[in-house]
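One structure below.
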Amino acid sequence: MLSFDPDKIDIPEGNFIGGEYLKMKEGSLAVNRPSDGKTYASLSEAGINDVDDAVNIAENARQESGWSACSPRERGAVMRRWADLIEQDSDYLGRLEAAGSTRPVTEVMQHEIPFTAAAIRFYGECADKYSGDLLPTASHSLGMVIPEPYGVVGAITPWNFPLSMASWKCGPALAAGNAVVLKPSELTPFSTARMAELAVRAGLPAGVLNIVQGRGQLTGSALVKHPLVRKVSFTGSTATGAGIMSDAAVHGMKPVTLELGGKSPQLVFDDAGDPQAIALRIFRGFTANGGQACVAGTRLVIQRGIAPAVTEHLIRLCSQVTPGNTWLESSRYSPLIDHRQGEKVAGIVALAREQGAEVLTGGERFAGTGEGWFYRPTLLSGVSRENCAVREEIFGPVLTLQLFDDEEEGLALCRHETYGLCAGVHTSTLAVALRAIKSLDAGTVWVNRYGRSGDFIIPTGGFMGSGIGKDLGKQAFQACQRQKSVLIDF
Ligand code: ADP
1 MLSFDPDKID
11 IPEGNFIGGE
21 YLKMKEGSLA
31 VNRPSDGKTY
41 ASLSEAGIND
51 VDDAVNIAEN
61 ARQESGWSAC
71 SPRERGAVMR
81 RWADLIEQDS
91 DYLGRLEAAG
101 STRPVTEVMQ
111 HEIPFTAAAI
121 RFYGECADKY
131 SGDLLPTASH
141 SLGMVIPEPY
151 GVVGAITPWN
161 FPLSMASWKC
171 GPALAAGNAV
181 VLKPSELTPF
191 STARMAELAV
201 RAGLPAGVLN
211 IVQGRGQLTG
221 SALVKHPLVR
231 KVSFTGSTAT
241 GAGIMSDAAV
251 HGMKPVTLEL
261 GGKSPQLVFD
271 DAGDPQAIAL
281 RIFRGFTANG
291 GQACVAGTRL
301 VIQRGIAPAV
311 TEHLIRLCSQ
321 VTPGNTWLES
331 SRYSPLIDHR
341 QGEKVAGIVA
351 LAREQGAEVL
361 TGGERFAGTG
371 EGWFYRPTLL
381 SGVSRENCAV
391 REEIFGPVLT
401 LQLFDDEEEG
411 LALCRHETYG
421 LCAGVHTSTL
431 AVALRAIKSL
441 DAGTVWVNRY
451 GRSGDFIIPT
461 GGFMGSGIGK
471 DLGKQAFQAC
481 QRQKSVLIDF
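Counting from 1, position 79 in the sequence shown corresponds to residue 79 in the UniProt record's numbering; the numbering is continuous, with no gaps.
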């Protein structure tokens, strides 16, 4: 039985610094549950001085404990033990995640916990697999590139997949020998702190991974600007990412990895296959986590022949969705994170209608869910390229439908002025798929599927306004190392 009572969980309210939970003087913030809007805990917010302490502790810990200097194999062993503990703690960790985030408990247990553990394990395995370069120099000299850790990595994560996001940031940074100070979203702060506690239990030296809590403008900003933070890794909105990149440039010219927003197309050709199966794929692509995923496939660009059948199945799938609190085993559909996000989604849909969109299904909040903001899966047709629902990242379960006749027109409709995160291509013609892969401005292209697999060797990250650099893959590991060039004459 996965259902649980969310009022009966102990919440780790402090900041996790130097291996222990600390309450800060700065102040406390109310933290609400997305499912019912109830305030269930308070957050002890870290101010500038607290962030300074955390970063100094991290820098000392990585040096004094030998974490940066030890053999990568030893780091890998600690990380694999950490992954095991994450799985063993799934009852508690999973409840923390499900009570306080938009992730239904069944999803958390089936996906979130195993994926988080697998990502940490993957980077534990990477630790001793990637080396530097020996370079073809003149025979009286030896040229090398030696990778080394940056020092302290400052990581900032969003609220949509708290545990996974933390694993994507901590995994590569720690495996590469850095210390990490991570600030989770102030909306979903607690599961990340527990995850860090488990790392210490697994043998990570205290202080090598620290969690500071608080708002972005205060705690997050102090972290990015701290002089001992030598690299910044961020996932969140494009606007916030731009500000962080600017802060990182001004305060120490720090390299950044930025995983930002998206407005990803799903390009469906007439020969894609069974319309029912295609509709299910599209449906999952835009409703997973209530549409609150940067990779959500929110623009259906579909060839005229197959469109009526796929649309009919989509409308049916959307109308079958029911809301339910995230702590109930039967719940599958996510609430929006809070009323602010709910009002944003509703506002964009209203404006899209004024601009000519027709609502095929949805277009409103579920009634009778109290303070929880559950928004109906929504299909909007009759939208032009200029329609706000086609242009803006909504971060809610809203799909626009645009029709095309030939391949060129379809590919042109997929282009977006700002974003280039992902794209789905659905066709049974290899040449069509290959041409689309070449043509699309997207950091990830999925063909005849939509969404990541558990193959963490595949990196993820966007082009243009969708970001810089990659999470996951060996690319994320290597991006957590600076490259030192060496030339020795002998
Ligand atoms: P959203 O709230 O839509 O997820 P944000 O991109 O604003 O999107 O937030 C993502 C993360 O970035 C959160 O942890 C947030 O607290 C943090 N954040 C917001 N503003 C800043 C900032 N100026 N500096 C550092 N971190 C920030």
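Glycine included, C-beta positions come from ideal geometry on N, C-alpha and C. Owing to the predicted nature of the structure, the values given are computational and were not obtained by experimental measurement.
| Check | Outcome |
| --- | --- |
| Out of Ala99, Met165, Glu74, point me to the one whose CA is closest to Lys38's CA. | Ala99 |
| On the three-state DSSP scale, how would you describe Gly297? | strand |
| Going straight from the alpha carbon of Gly132 to that of Phe477, what length do you get? | 13 Å |
| Name the DSSP beta bridge partners of Asp471, please? | Thr460 |
| Tell whether a beta-carbon distance below 9 Å holds between Ser428 and Gly443. | no |
| With three or more C-beta pairs closer than 8 Å as the rule, is the region 195–204 touching the region 137–155? | no |
| Going by DSSP, which residues form a beta bridge with Trp446? | Gly424 |
| Which residue comes first and which comes last in the alpha helix (DSSP H) that contains Pro162? | 162–175 |
| Could you tell me which whole beta strand (DSSP E) segments of length 3 or greater appear in the region 373–408? | 378–381, 398–404 |
| Can you check which of these residues, Thr192, Leu472, Val398, Leu411, is closest to Ala293 by C-alpha distance? | Val398 |
| Cα separation between Asp441 and Leu260? | 15 Å |
| Helix, strand or coil: how does DSSP classify Arg365 here? | strand |
| Based on the DSSP output, what are the partners of Pro265 in its beta bridges? | Arg299 |
| Between the Cα of Ile302 and those of Phe395, Val345, Gly424, Thr460, spot the shortest distance and give me the residue it belongs to. | Gly424 |
| Could you say which of Trp168, Leu174, Val108, Asn15 lies nearest to Ile74 if we only look at CA atoms? | Reading the sequence as shown, one finds Glu at residue 74 and not Ile. Checked all of Trp168, Leu174, Val108, Asn15; the closest Cα to Glu74 is Leu174. |
| Check each candidate in Gly469, Ala54, Ser71 and name the one with the smallest Cα separation from Gly220. | Ala54 |
| Taking DSSP's pairing of strands, which residues face residue 523 in a bridge? | Nothing about residue 523 can be read from this structure; the chain reaches only from 1 to 490. |
| Between Thr418 and the ligand ADP, is there a pair consisting of the residue's CB and a ligand heavy atom that are separated by less than 8 Å? | no |
| Could you give the C-beta distance for Gly273 and Gly285, rounded to a whole number, given that I count them as a contact under 8 Å? | In fact, because the Cβ distance is near 15 Å, the residues do not count as touching under 8 Å. |
| Could you give the first and the last residue of the continuous alpha helix (DSSP H) run that contains Gly143? | Not the alpha helix (DSSP H): Gly143 falls in the beta strand (DSSP E), residues 141–149. |
| Is the beta carbon of Leu379 less than 9 Å from the beta carbon of Leu314? | yes |
| Spell out whether any CB of chain E is found under 9 Å from the CB atom of Gly297. | Judged by its chain identifiers, the structure shown contains no chain E, having just a single protein chain. |
| CB-CB under 7 Å to Pro255, same chain, minus the five flanking residues each way: which ones, in chain order? | Lys231 |
| On the criterion of 16 or more Cβ atoms from any shown chain inside 10 Å, does Thr322 qualify as buried, or is it exposed? | exposed |
| What distance in whole Å lies between the Cβ atoms of Gln213 and Glu45, which are believed to be in contact at a cut-off of 8 Å? | 6 Å |
| Which residues share a DSSP beta bridge with Leu134? | Met144 |
| State the beta-bridge partners of Val181 as determined by DSSP. | Gly154, Asn210 |
| Can you tell me where the beta strand (DSSP E) holding Gln292 begins and where it ends? | No beta strand (DSSP E) holds Gln292; DSSP gives it neither H nor E. |
| Just curious, the alpha helix (DSSP H) that Asp50 is in, first and last residue? | 48–64 |
| With distances taken between CB atoms, is the gap from Val181 to Ala206 smaller than 9 Å? | no |
| In the DSSP assignment, what residue or residues form a beta bridge with Tyr21? | Phe16 |
| So the alpha helix (DSSP H) Lys225 belongs to, where does it begin and stop? | 221–225 |
| Got a sec? Which residues, its chain only, sit under 6 Å from Gly171 by beta carbon, not counting five neighbours each side? | Ala119, Ile120, Tyr123 |
| Flag this pair as yes or no: are the beta carbons of Ile394 and Gly291 separated by less than 9 Å? | yes |
| Using C-beta distances below 8 Å, list every residue in its chain close to Leu134, excluding the 5 sequence neighbours before and after it, in chain order. | Leu142, Gly143, Met144 |
| I need the straight-line Cα distance from Gly27 to Thr116, nearest angstrom please. | 30 Å |
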